[in-house]
Each structure stands twice: as structure tokens, then as C-alpha cells.
Amino acid sequence: MAVTPTGQRPTIASEGFLRALADHGVDYFFCNPGTDFPPIVEAFSRAGKTNAKVPRPVLVPHENLAVAMAHGAYLMNGRPQAVMVHVNVGTGNTINNLANLSRDRVPMILAAGRTPITEKGQFGSRSRPIHWAQEMFDQAGMVRELVKWDYELRVPGQVGDVVARSVEVAMAHPRGPVYLVLPREPLSAPLPEPLGPAKPRPQAAAAHPDPQSVARLADWIAGAERPLIITATLPNAAVPVLAHLAERCAIPVVTHNPRTVCLPSSHPMHFGYEPGALIADADLVIVLDSDVPWIPSLQHPPAGCHVAHVGEDPFFVRYPMRSFPSDLAVQANALNALNALNEAVESRLGMAEARIAARRGRLTERMRTRRAQLAKDSVPGERISPEYLSHAIGEAVGEDAVIFNEYPLRPDHCVREKPGTLFALGPAGGLGWGFGAALGAKLAAPDHLIVATLGDGAYMFSNPTVCHWASVKHQLPILTVVFNNNRYGAVRRATLSMFKDGVAGETDGRILADLDPAPPYDEMAKAQGAYAERVEKPADLPDALARAREAVVNESRQALLNVITPY
Ligand SMILES: Cc1ncc(C[n+]2csc(CCOP(=O)(O)OP(=O)(O)O)c2C)c(N)n1
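Counting in our numbering, the sequence shown runs from 133 upward without gaps.
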């Protein structure tokens, strides 16, 4: 590396890269390095001396965890995060959580090194045997289907523009990840001009709905006898707006395959998570940002029912096949669409008030039955049921805790009143997400109590040694609850749903679903510094949860409960 006669080192592209990320609001640089990282290490080292603004480097010893942490951080602070990994092999390890993040429309700048381009003669040329075998004809091709945009840095002076472009594309609605390939020769080369602060490009405002479509949908709402709203995920600000619409018009809301809190648990129109009972006789279904509003092979609205799809991308254009019936598509941000609908229905409800009142009466009765059943289901029995465990977690963690659920929590039984206090595994369902997302959330929101609820299978997918290490290393105390049924319950259920009367049914679908012998997860977590307990009896659960919460909140220590839960 050349040093000028005055003894000063010229600024190199990797410094420009990190500073541009920081200027674009990227807080963290989650990374797992390799021989492609020396320019990055040099840039962080220089920033340490000069106090240059750069994202905080967060070393993560597995790429899948790095992506999950970026996901969790975004869910808490709404800013895109950066992950950098080692060439093609590191990129390969990101793909599971990249699929989750991509389908969940989460912006992230995923960067990877590239084997040095030149075999000799340049600063940064190949220097290890791996530099030949790691080269690919099209490294970005590994992830192209999961990202919105990819690019390779070829000219050092372009690095600022490349970052600006990557952030612009990632943040454009619908949001999503982008992929940047950074070969080490241009990344370690001097910038031709001094580095100035980068000015982030403006983001376009979220789309508003077409007024005619809103008027049509408002007419349908006013005229409907048995309307139903099905949603899956909403921005926090949209929750009270949906609550108003549902309450004002007496429209039941079902959150199918939920990923966020879409209505407070106590809302009179919160009809749970399965559309089955309500969809069968609906005459209007409003699908609000839901990729799979119902399972067509099991249930569907009756003939003649109006179906409207509302969302930023009501067609889910990146899904190869999706054929839900549709009479109206409204392309708009959910908050804007709900605000517009609230306004539009008001002037139309005069004639409908009597009908709405009658419907409200019927739904109130239905809700009473529903709540009574839920209360019955969460009463502790001889063993800890997932319903009782979910209920106890809701009680123990408090209303401000943020729960990251990788499947097992029964949301019907876990009270969540506030928007942004529950996030669930995205629609792609790649296991190994929840623990990492919770750690990333803790990083971005250190004052919150963060809880991960995981099946024992999901816990193993999360790479627990690495997660517990990251918790200690980066001081991220969270509470992890393992719903330990000693099996892949979902796999067993899938087998029995097809072959209950087949030979697989004779062994209760156990083959390939049995996780026996279960490791002592609590003992293993203890070895990595966690407060941990194994809990088997219902009566022991509330106190165990209180002790674990105490360890996290008062001692800033990670905690794990290994809860034996047969299901
Ligand atoms: C990366 C990945 N591999 C495999 C699967 C398939 N899969 C879906 S659910 C499941 C079992 C989950 O087991 P566990 O977390 O213990 O929860 P349970 O089903 O018992 O409630 C598996 C293996 C997946 N979704 N993601």
C-alpha cells in the first residue's frame, strides 16, 4: 500500500464503503470474514483512529445468524442493516435466512467478497490456493432469485454511488434485500477523490390507494352482511387504524399465518388465526397484506363472495403460482389504504347502521364462546401444554416485551395488546431464525425485554452454540423458551395428514420426526453462561419464568427455559 511523501495513507474504497453505509443510516455491520476482508479490517482500524463514522462491526460466527440478526434489528428500528460474508461459501450459508428476509420484505445490504480477480501483479491479487477454487462464473446467481438487485464493484471511485444505489433499491417498496460483490483489489484501491459525506437519496412515499377502488370497496363494506378481513402482517401504525375500521363496521378480523400484532388481543373483533369458521359464509373478504389468506384445499369463500386484495403488492408477483379469487386489487400501503377506507365508509354507513348493530350482536356472542373456549384450553393439566405455556409466557413477560416466535407459541393464548410486541417466522418458513432475530432486536432495542419462543427443532436449527456465544460476546441478554416436545411435530403432522392410514401411520408418523434423545439444552446453555432451567411440571412454570425473566432483566444475563411440552 502506497504511503504519500507526507506519510499519509490515501483513503481506500473500503473506507468509502463503510462511511457511505453509516451515512445511509446503517447502524450495524454484521459480518463473518475471510481472506476477502483485509480491506474491511483496515478500514475499521483506520476509523478507530480517526473517529470516522462507520457502522458498528458485529462479528457473528455463522452467516445464517448474521442475516437473522440484521432482520431482527430492522424490525425494531426500521433502518436497513448490512451483512458481509466470505465469497461464495459464506453467501451459501446465508441463503436460508435470506429466503425468510426476502419474503418478509426486509431491506438488507448483503455484501460478499469475491475471490481476487487477478492472479498476480496487483495489490490484493490472489495469495491462497482457495482463491482459484472459490471463484464462480456468476457468484450473484446463487442468490439472484432472493434479492431485488445485485452488483459487483469494479471501480473504487464508484463505491459511494454503489452504496447509495443499493440502499435506494432495498428501501423502495416493497422492500427487500440486495447483494453486493466486493472484490478485494478495487476494495483496497485508493479513492481518486477525497471522501465527502454521502447524501442519502430520498425514498418515495408509500403508495396511496386509487380513490375509485377505495369507493368501490367502501360500497361493498357498507352493503355486506358477513364481511371478513384477513391479514398477516401490518406496520405498527396501521394497527389502530384497522382496529377502528373493524370496530366501527363490526368486521371480524382473522390474522392467518400471523407475523406481527395486527389487532390487540382484547379487541372485540379479534377472531383469532384461522379463517375457517368465518370464511365459509362470508359475502365480502378483504385480504390485507396476506400472501396466503386461506388454504384453498381446506376452505374457501362461497361463490358470489366479493374478494378484495389490498397491499403494496396485492399480486405477490415474485411467487411463481398463486391463484386466490379476486374481484378487486388495491395496490397501496396498508396504512394508507386503511385510512382511506375509514374515511370513505363513514358517509356510507347511514343505511347500514341497523345491519352493523345486528352483526355486532352476533359477533359479540360468538366472541364470548370463543373466549370461554380459549380460557378452558389454557388451564394447566397434568403436563405442560403449549397453550398453557403460551399463556404463562404472555403473563410473565409483560406487555412491552417483544416476542420472536419460531412457530410453537399459540398466539391465541398469549396476550399481546401492543403493536410491535410479537414477530413470527416469515412466510418462507426457514428454520433457524427466531433466536438470531431476537438477538438482533436486542442489539437495536437494548431497553426492551426480548423473548425467543422456539421449538426444540428450531432451537437446534438456530445453531445454539453460536447464538449463545453472540449473546455473551455482544452483551445481548434475552430470554429463550424452548418448547421441547422431543420431535419435529410439524413433520409428523404432515406425514399423518397424508398417510395416517398408510404404513407410516402404524408408527404414529414417528420416523424422521423423532428427536430422541433430547440433549439437556438447559445444561448446554448454562455452560455458555446462561441462567437455565428444565421445567416439567405445570405448577413450576410461573416461578421458573419469573426467575428467568429476573436473570435477564436484573442481571443482564441470557436465560433459557427448556420446557417439556408434549404435543
Ligand atoms: C431450514 C429448514 N429445514 C427444514 C424445514 C422443515 N420443517 C418445518 S417444521 C420442522 C420441524 C420443526 O420442529 P420444532 O421446531 O421442534 O417444532 P414442532 O414442529 O415440534 O412444533 C421442519 C424440520 C424448515 N422449515 N426449514
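Every residue gets a Cβ at the ideal spot worked out from N, C-alpha and C, and that includes glycine.
Residue i in three-state terms, based on DSSP
i: ILE172; result: helix
i: TYR653; result: helix
i: PRO359; result: strand
i: ALA691; result: strand
i: MET240; result: strand
i: ASN595; result: coil
i: HIS438; result: strand
i: ARG316; result: helix
i: GLU267; result: coil
i: ARG246; result: strand
i: GLY253; result: coil
i: ASP293; result: helix
i: MET216; result: strand
i: VAL310; result: strand
Residue i CB to nearest heavy atom of ligand 1 below 8 Å
i: ASP675; result: no
i: LEU563; result: yes
i: PHE567; result: no
i: PRO540; result: yes
i: GLY308; result: no
i: LEU278; result: no
i: GLY289; result: no
i: ASP588; result: yes
i: TYR699; result: yes
i: TYR451; result: no
i: VAL623; result: yes
i: PHE456; result: no
i: ARG619; result: yes
i: LEU647; result: yes
i: PRO536; result: Before going on, a small fix: residue 536 reads as Phe here, not Pro. Result no, Cβ not under 8 Å from ligand 1.
i: PHE447; result: no
i: TYR405; result: no
i: PHE176; result: no
i: TYR591; result: yes
i: ASN595; result: no
Cβ-Cβ distance between residue i and residue j below 9 Å
i: LEU673; j: ALA464; result: no
i: LEU571; j: LEU611; result: no
i: ILE361; j: ARG480; result: no
i: SER177; j: SER320; result: no
i: PRO543; j: PRO390; result: yes
i: GLY204; j: PHE615; result: no
i: GLU444; j: PRO306; result: yes
i: THR223; j: ASN196; result: no
i: HIS438; j: ALA337; result: no
i: ALA691; j: ASN209; result: no
i: LEU327; j: VAL279; result: no
i: VAL313; j: ALA244; result: yes
i: PRO719; j: LEU323; result: The structure shown does not extend to residue 719, since the chain is modelled only from 133 to 699, so the question has no answer here.
i: GLY308; j: GLY148; result: no
i: VAL583; j: VAL534; result: yes
Beta strand (DSSP E) segment containing residue i, residue limits
i: THR401; result: For the record, residue 401 in the displayed sequence is Met; it is not Thr. Counting along the chain, MET401 falls outside any beta strand (DSSP E), and DSSP gives it neither H nor E.
i: MET274; result: Neither: MET274 is in no beta strand (DSSP E) and is coded neither H nor E.
i: GLU284; result: 282-284
i: THR585; result: 582-587
i: ALA666; result: Looking at the sequence itself, residue 666 is Arg, so the reference to Ala does not match. Counting along the chain, the beta strand (DSSP E) containing ARG666 begins and ends at 663-667.
i: ASN616; result: 611-616
i: LEU191; result: 188-191
i: ILE418; result: 416-420
i: LEU430; result: Run containing LEU430: none; DSSP gives neither H nor E here.
Nearest-angstrom beta carbon gap, residue j and residue i [assumed within contact, 8 Å]
i: GLU284; j: ARG316; result: So it is not a contact: roughly 12 Å between Cβ atoms.
i: LEU647; j: GLY589; result: 7 Å
i: LEU410; j: MET401; result: At roughly 11 Å, the Cβ-Cβ gap does not stay under 8 Å, so LEU410 and MET401 are not in contact.
i: PRO407; j: GLN431; result: 7 Å
i: MET201; j: ILE172; result: Wrong, their Cβ atoms sit about 18 Å apart, outside the cutoff.
i: ALA461; j: PRO446; result: 5 Å
i: ALA364; j: HIS340; result: No, ALA364 and HIS340 are not in contact; Cβ-Cβ is about 21 Å, not under 8 Å.
C-beta neighbour in chain B for residue i, strict 9 Å
i: ALA560; result: Of the chains in the structure shown, none is chain B; there is only one protein chain.
Boundaries of the alpha helix (DSSP H) in which residue i is found, first to last residue
i: CYS381; result: 371-381
i: PHE631; result: 621-631
i: THR501; result: 485-509
i: ASN468; result: 466-478
i: MET208; result: 195-209
i: ASN389; result: Careful: ASN389 lies outside any alpha helix (DSSP H) and carries neither H nor E.
i: ALA231; result: 219-235
i: PRO518; result: 518-529
i: PHE567; result: 566-576
i: GLU444; result: Note, GLU444: premise wrong, no alpha helix (DSSP H); not H, not E.
i: VAL635; result: 635-638
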